[in-house]
Structures are given as structure tokens and as C-alpha cells.
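**Student:** Numbering (our numbering), first residue to last: 2 to 316.
One structure is given below, represented as C-alpha cells, and several questions about it will come after.
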Amino acid sequence: MNGNKIIGRFAPSPSGRLHLGNMLSSLLAWLDVRSLGGRMLFRLEDLDPDRSFREYAKLMAEDLLWLGLDWDDGWRPDGGTEFAQGQRTALYEQAFQTLQDLGVLYPCYCSRAQRLAASAPHPGDHRESGCGCRMMTDANRRLMERNHRLPATKVHVSNAEISFIDGHYGPQIFSFCAGRDDFIIRRADGVFAYQLAVSVDDAMMGVTRVVRARDLLDSTPKQIWLMTQLGYAPCIYCHGPLLVADAGRKMSKRDGDLNMEALRARNTSEELCGKLAYLAGLLPEPVPIKAADLVPLFSWDKVRKSDIPLPDNLF
Ligand code: GLU
Numbered sequence: 002m003n004g005n006k007i008i009g010r011f012a013p014s015p016s017g018r019l020h021l022g023n024m025l026s027s028l029l030a031w032l033d034v035r036s037l038g039g040r041m042l043f044r045l046e047d048l049d050p051d052r053s054f055r056e057y058a059k060l061m062a063e064d065l066l067w068l069g070l071d072w073d074d075g076w077r078p079d080g081g082t083e084f085a086q087g088q089r090t091a092l093y094e095q096a097f098q099t100l101q102d103l104g105v106l107y108p109c110y111c112s113r114a115q116r117l118a119a120s121a122p123h124p125g126d127h128r129e130s131g132c133g134c135r136m137m138t139d140a141n142r143r144l145m146e147r148n149h150r151l152p153a154t155k156v157h158v159s160n161a162e163i164s165f166i167d168g169h170y171g172p173q174i175f176s177f178c179a180g181r182d183d184f185i186i187r188r189a190d191g192v193f194a195y196q197l198a199v200s201v202d203d204a205m206m207g208v209t210r211v212v213r214a215r216d217l218l219d220s221t222p223k224q225i226w227l228m229t230q231l232g233y234a235p236c237i238y239c240h241g242p243l244l245v246a247d248a249g250r251k252m253s254k255r256d257g258d259l260n261m262e263a264l265r266a267r268n269t270s271e272e273l274c275g276k277l278a279y280l281a282g283l284l285p286e287p288v289p290i291k292a293a294d295l296v297p298l299f300s301w302d303k304v305r306k307s308d309i310p311l312p313d314n315l316f
């Protein structure tokens, strides 16, 4: 898989039907890699057993292919299970052990709300403010254990500046503050968190270009930090603009009228592709076009940087 130097990925979580915002990010990820002559892979991010459904996974694969977005390696409804995160826990366990040996992990006994944040990578869903668990005395720890409080596991980041050049938004600098920016890598129920799994997978699958929506921009320094600790070279990251529904709200899988079931009922694949390319800034008009015909037209310079409000009646 590493023969070709440029490798991108689709990394959907099968928690619902793909929506318009997911399709825009997928289109940009595919155009980025195809315009560079690279390979695309499909990784199924089905880590959270309570929020992953096989039926949605199948529909996601089908929806991407319907729009003309294909991949060279990866998960398929009839195989490629080595690309499903649910089957890769042994690898996350090894990385966890490496971090344990580096002495950067500690148990965190904070509330359920904070633990759940580990499965919600999108900022705005939750922002942790740091906790005192790292400094907890052995006596208090024993007390927690006697009360059957299972700890999540956090990484302790020291004061550090993480900088990278985003392929679309340019230079980014994030200051990590010891304590405040520690983050969960394993939930109290044992499920590995998104940040750990995505870092291990992007590294081990040889991914060189991560293209995703801007709402994940502040997960990127965490992933760069983890990859560096684990001895891997970070990827190149390109974040894309967000499609926003009414009042600047980011779209979610709960927006039923803009999910792929509804969109496919009202649009041909070429119509939907043209409308997405128009919203992204790649076409001056929302005219029908095949995804493959956008490849020669693609350049990040044309892609909008600001959030994209959804026009009335376009879809
Ligand atoms: N699985 C994540 C999601 O569906 C995307 C992760 C990523 O692109 O890094 O939101």
C-alpha cells in the first residue's frame, strides 16, 4: 500500500446516513488525492459500539460510490475488515502500552460527561477545562476504586507549541497548556477514543494527506502530538470549509432533509456533484458534472475558506 507516496482517506463513522456536509468533505478529500495522482482508502470508524451500525456503513459506501467517489483499498460491505477500527483494537492497545511506558498516561475519574467527550471529536460538543485527577493522592484513588468508579485514561501534555501548515488555512499554532489540554485516549468503559485510533491508523495505513472539515481543526494538534510521541511522522492536513444550516449551525446527521436518502431522491449524482462543487467555489454555477470531470479543475486556491451558508431551495 505504501508504493505510491500520496495516500488519502475517507474515514466515516457509521452513526447515521451521510449528510450534505459529509459529502462536501468527502468530495474535497477525493479531489485532493485524485488531482495529485494518489491512492484513496476507506477506513470505517466504527469504534464506538453504541453508535456504529453496519447498515449505515453499507449505505455510506454506496452513497460515496453513487457520487463517483471511489477508493483503492479499504473497507467494503463484503470485506476489507482490517480497515474497520472495531477490528483494530490490538493495535490501539500496543500504542496505549507505548504511551504508558513513556509515563504520559494517568487515570481520570471525572464525570460521565467528560468521558463521553472522548467519543465526540467535534469542538463545540465539549471543551474540557482540565481536571485534578493527575495529582490525585493514592488514598483518593483507592477511595474512587472502592466506590467502583472506573477511570478513563488521559494523556498528560506538557506546555508545548504545536504548529503545522494547513494545506488550505495556512500556518496554525496551538499552545498546549500542561493540565488544561490533557485529553482522553481511552474511555472508562475501555473503548479507545477517536484521537488515539485516528492517529494510529493514519500512521499505520501510510496516510499522507488528511482532508476533513474545519470543525476537526483543533483535533489536529492532538493527533500530531500523539503521532510524534509514538514515533510516527504526522500527515499533511487540509481542512475544508463547513456547510452551515440556519443561524450558522453546523450540519449534523440529524438533519434528515439533507441526508443522502433525501438528496438522492431529489438529485441525480451529477446534479448533486455540481451543486457541491459550486458551493465549494470550484464552479461558477451549480451545473451537473461528474466527479471525475472536476479532477482537472481542482485546486485548493479555488476552495472557499469561510463557512458556506446553505442557499434556500438549491437541494
Ligand atoms: N470519523 C470522523 C467523523 O466521521 C472523521 C474523522 C477524521 O476525518 O479524522 O466525523
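All C-beta atoms, glycine included, are put in the ideal place defined by N, C-alpha and C.
Residues in the same chain with beta-carbon distance under 6 Å from Leu-259, minus the five sequence neighbours each way, listed in chain order, please.
**Tutor:** As a first step, residue 259 is located in the sequence shown; it is residue number 258 there, counting from the start. Excluding residues within five positions, the ones whose Cβ falls inside 6 Å are His-20, Leu-21.
**Student:** Does the Cβ of Asn-23 have 16 or more other Cβ atoms within 10 Å, making it buried, or fewer, making it exposed?
**Tutor:** By one-based count along the sequence shown, residue 23 stands at place 22. It counts as buried.
**Student:** Count the CB pairs spanning the stretch 200-212 and the stretch 237-252 that are closer than 8 Å, and state whether there are at least three.
**Tutor:** The answer is yes - the stretch 237-252 touches the stretch 200-212, with three or more Cβ pairs under 8 Å.
**Student:** Taking the alpha carbon of Arg-10 as the reference point, which residue from Leu-311, Arg-250, Asp-202, Pro-152 has its own alpha carbon closest?
**Tutor:** Here residue 10 refers to the residue found at position 9 of the sequence shown. The shortest C-alpha separation from Arg-10 is found at Asp-202.
**Student:** Beta-carbon within less than 8 Å of Thr-269's beta-carbon, same chain only, minus the 5 sequence neighbours each way: which residues are those?
**Tutor:** Here the question's residue 269 lines up with position 268 in the sequence shown. Same-chain partners within the cutoff: Pro-289.
**Student:** Please state whether the Cβ-Cβ distance between Val-296 and Ala-281 is less than 7 Å.
**Tutor:** Counting from 1 along the sequence shown, the entry for residue 296 is found at position 295. Counting from 1 along the sequence shown, the entry for residue 281 is found at position 280. Not in contact: Val-296 and Ala-281 (Cβ atoms no closer than 7 Å).
**Student:** For Met-41, which of Pro-78, Ser-307, Ala-12 has the nearest alpha-carbon?
**Tutor:** The count along the sequence shown starts at 1 and reaches residue 41 at position 40. Comparing Cα-Cα distances from Met-41 to each of Pro-78, Ser-307, Ala-12, the minimum goes to Ala-12.
**Student:** Say yes only if the C-beta of Val-199 is nearer than 6 Å to one or more non-hydrogen atoms of the ligand HEM, and no if none qualify.
**Tutor:** The model on display carries the ligand GLU but not the ligand HEM.
**Student:** Entirely within the stretch 249-293 and at least 4 residues each: give me those alpha helix (DSSP H) ranges in chain order.
**Tutor:** For the stretch 249-293, whole alpha helix (DSSP H) runs of length 4 or above, ordered along the chain, are 261-267, 270-281.
**Student:** Go ahead and label Thr-138 buried or exposed: buried means 16 or more other beta carbons lie within 10 angstroms of its beta carbon, across all protein chains shown.
**Tutor:** Residue numbering aside, residue 138 sits at position 137 when the sequence shown is read from its first letter. Answer is exposed; the Cβ neighbour count stays below 16.
**Student:** Taking the C-alpha atoms as reference points, what is the distance between Ala-278 and Leu-284?
**Tutor:** Residue mapping note: residue 278 aligns to position 277 of the sequence shown, counting from 1. Residue mapping note: residue 284 aligns to position 283 of the sequence shown, counting from 1. Their Cα atoms are separated by approximately 6 Å.
**Student:** Can you name, in chain order, every residue of its own chain whose Cβ lies under 7 Å from the Cβ of Arg-150, other than the five neighbours on each side?
**Tutor:** Working through the sequence shown from its first residue, we reach residue 150 at position 149. For Arg-150, where only same-chain residues beyond five positions count, the Cβ hits under 7 Å are Tyr-110.
**Student:** Roughly how many whole angstroms lie between the Cα atoms of Leu-29 and Asn-160?
**Tutor:** By one-based count along the sequence shown, residue 29 stands at place 28. By one-based count along the sequence shown, residue 160 stands at place 159. C-alpha separation (whole angstroms): 34 Å.
**Student:** Please tell me whether, using a cut-off of 6 Å, the distance from the CB of Ser-14 to the nearest non-hydrogen atom of the ligand GLU is below it.
**Tutor:** Reading the sequence shown from its first residue, position 13 is the one you call residue 14. Yes.
**Student:** Taking C-beta to C-beta, are His-157 and Arg-181 nearer than 7 Å?
**Tutor:** For the purposes of this step, residue 157 is identified with residue 156 of the sequence shown, where counting begins at 1. For the purposes of this step, residue 181 is identified with residue 180 of the sequence shown, where counting begins at 1. Result no, Cβ atoms of His-157 and Arg-181 do not sit closer than 7 Å.
**Student:** What does DSSP give as the partner residues of Gly-80 in its beta bridges?
**Tutor:** Position 79 of the sequence shown, counting from 1, holds the residue named residue 80. Gly-80 pairs with Arg-77.
**Student:** Suppose contacts are defined by Cβ-Cβ distances below 7 Å. Is Asp-70 in contact with Ala-246 by that definition?
**Tutor:** In the sequence shown, residue 70 corresponds to position 69, counting from 1. In the sequence shown, residue 246 corresponds to position 245, counting from 1. Reading the sequence as shown, one finds Leu at residue 70 and not Asp. Contact flag unset, no.
**Student:** Just to check, is the beta-carbon of Glu-46 closer than 6 Å to a non-hydrogen atom of the ligand GLU?
**Tutor:** Here residue 46 refers to the residue found at position 45 of the sequence shown. Yes, Cβ of Glu-46 sits closer than 6 Å to a heavy atom of the ligand GLU.
**Student:** Taking C-alpha atoms, which residue in Ser-16, Arg-18, Ser-36, Ser-27 lies nearest to Phe-299?
**Tutor:** The residue you call residue 299 lines up with position 298 of the sequence shown. Of Ser-16, Arg-18, Ser-36, Ser-27, the residue nearest in Cα terms is Ser-36.
**Student:** Taking DSSP as the reference, what is the three-state secondary structure of Val-245?
**Tutor:** Numbered from its first residue, the sequence shown carries residue 245 at position 244. Of the three classes helix, strand and coil, the one that applies to Val-245 here is strand, per DSSP.
**Student:** Roughly how many whole angstroms lie between the Cα atoms of Ala-96 and Leu-231?
**Tutor:** To locate residue 96, count along the sequence shown from 1; it is residue 95. To locate residue 231, count along the sequence shown from 1; it is residue 230. In a straight line, the C-alpha of Ala-96 is about 7 Å away from that of Leu-231.
**Student:** I need the DSSP call for Tyr-195, collapsed to helix, strand or coil.
**Tutor:** The residue labelled residue 195 in the question sits at position 194 within the sequence shown. Here Tyr-195 sits in helix by DSSP.
**Student:** Measuring only the C-alpha atoms, how far is Ala-194 from Gly-207?
**Tutor:** Counting from 1 along the sequence shown, the entry for residue 194 is found at position 193. Counting from 1 along the sequence shown, the entry for residue 207 is found at position 206. Using only the alpha carbons, I get a separation of about 20 Å.
**Student:** DSSP three-state call for Leu-42: helix, strand or coil?
**Tutor:** Taking the first residue of the sequence shown as 1, we reach residue 42 at position 41. If DSSP states are grouped into helix, strand and coil, Leu-42 belongs with the strands.
**Student:** Would Leu-66 be called buried (16 or more neighbouring beta carbons within 10 Å of its own) or exposed?
**Tutor:** Counting from one through the sequence shown, the residue named residue 66 turns up at place 65. Exposed, because fewer than 16 other Cβ atoms sit within 10 Å of the Cβ of Leu-66.
**Student:** Report yes if the C-beta of Arg-89 is less than 6 Å from at least one heavy atom of the ligand GLU; otherwise report no.
**Tutor:** For the purposes of this step, residue 89 is identified with residue 88 of the sequence shown, where counting begins at 1. No; taking the cut-off as 6 Å, the Cβ of Arg-89 has no heavy atom of the ligand GLU nearer than that.
**Student:** Comparing C-alpha positions only, which one of Pro-108, Phe-43, Glu-63 sits nearest to Arg-81?
**Tutor:** Within the sequence shown, the letter at position 80 stands for residue 81. Note on identity: in this sequence residue 81 is Gly, with Arg being the wrong assignment. Considering only alpha carbons, the answer is Phe-43.
**Student:** Below 6 Å, is the gap between the Cβ of Arg-135 and the nearest heavy atom of the ligand GLU?
**Tutor:** Taking the sequence shown and counting its residues from 1, one reaches residue 135 at position 134. No; taking the cut-off as 6 Å, the Cβ of Arg-135 has no heavy atom of the ligand GLU nearer than that.
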